[in-house]
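In the working numbering, the protein residues as written are 14 to 95. By construction, the Cβ of each residue, glycine as well, lies at the ideal position given by its N, Cα and C atoms.
The following block contains the structure:
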């Protein structure tokens, strides 16, 4: 009986050792991800600090293609023509 109990205890100790290794590995992974998120957050803060409203408006205008040329004068059609 004590031999069987000792075998079960050995199995349980091995299982707990592996579980502890998994938890430590998971904890280290979460720590690394947390550090990377912190770096991204700092970069975001720096980008927002260096961004001006004028630069945002200019980027918007450039991306939409507005503001480069004046539109040609057109003839307005009458509503009754449609």
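Unbroken alpha helix (DSSP H) run spanning residue i, endpoints
i: residue 62; result: 15-63
i: residue 69; result: 66-77
Residue-chain proximity (residue i, chain B), Cβ-Cβ < 9 Å
i: residue 28; result: Here chain B cannot be found, since the structure has a single protein chain.
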